[in-house]
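Trainee: Here it is: the structure, laid out below.
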Amino acid sequence: MSPDYIRILDHALGIRLSVEFTSEGREITDYAVVLLLGRGEATETIRVYDGAHGHNEMHRYTPSGGKQPGTPFHSGTLGEGMRAAIDEIKRGYREMIEGWDRQ
0 MSPDYIRILD HALGIRLSVE FTSEGREITD YAVVLLLGRG EATETIRVYD
50 GAHGHNEMHR YTPSGGKQPG TPFHSGTLGE GMRAAIDEIK RGYREMIEGW
100 DRQ
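Numbering (numbering that gives the first Met the number 0), first residue to last: 0 to 102.
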C-alpha cells in the first residue's frame, strides 16, 4: 500500500499521520494508520494501527526494539477501526510520542 494521504499534525516538530487503505466497493479490506516523527534526516515510526490480519490491531514502536506485538484495538469493522485510529492519533499524538521517548 502507498499512502492515500499524509496529514501534518505539527510542522515544527515534524509529526505526521499517514493513512493507507484498500477497499472493495465501500468496504475497507485493509489499512494502516501510522504516526511518524521526523528527527533530522530520519523518520521514526511511533505507532501503527492496522487491519493486516483481518482485525483491528495497534502496534507500539520503541527506539531500541522497533515494532512490538500487536494488541486488539477496536472490535468493529476495519473501516470503523481505521476511523477510530485516525481520531485516536489526532487526539493523543503528543502523549504517544512522549511514551515512545521514554522507552
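For each residue, glycine too, the CB sits at the ideal point set by N, CA and C.
#1: Is the separation between the beta-carbon of Leu34 and that of Ile88 shorter than 8 Å?
#2: For Asp86, does the count of other Cβ atoms within 10 angstroms reach 16, so buried, or fall short, so exposed?
#3: Terminal residues of the continuous beta strand (DSSP E) containing Glu56?
#4: Would you kindly work out how many angstroms separate the C-alpha atoms of Ile45 and Gly39, rounded to a whole number?
#5: Which of the three DSSP states, helix, strand or coil, is assigned to Ala31?
#6: Find the nearest neighbour of Ala51 within the set Gly64, Glu43 and Pro71, judged by alpha-carbon distance.
Mentor: On the basis of the supplied data:
#1: The residue given as residue 34 occupies position 35 in the sequence shown. The residue given as residue 88 occupies position 89 in the sequence shown. Yes, they are a contact pair.
#2: Against the sequence shown, residue 86 aligns to sequence position 87. Result: exposed.
#3: Translated into the one-based positions of the sequence shown, residue 56 becomes position 57. First-last of the beta strand (DSSP E) with Glu56: Asn55 to Thr61.
#4: Taking the first residue of the sequence shown as 1, we reach residue 45 at position 46. Taking the first residue of the sequence shown as 1, we reach residue 39 at position 40. When rounded, the distance between both Cα atoms is 15 Å.
#5: Counted from its first residue, the sequence shown places residue 31 at position 32. DSSP, reduced to helix, strand and coil, places Ala31 within a strand of the structure shown.
#6: Position 52 of the sequence shown, counted from the first residue, corresponds to residue 51. Taking only the C-alpha atoms, the option nearest Ala51 is Pro71.
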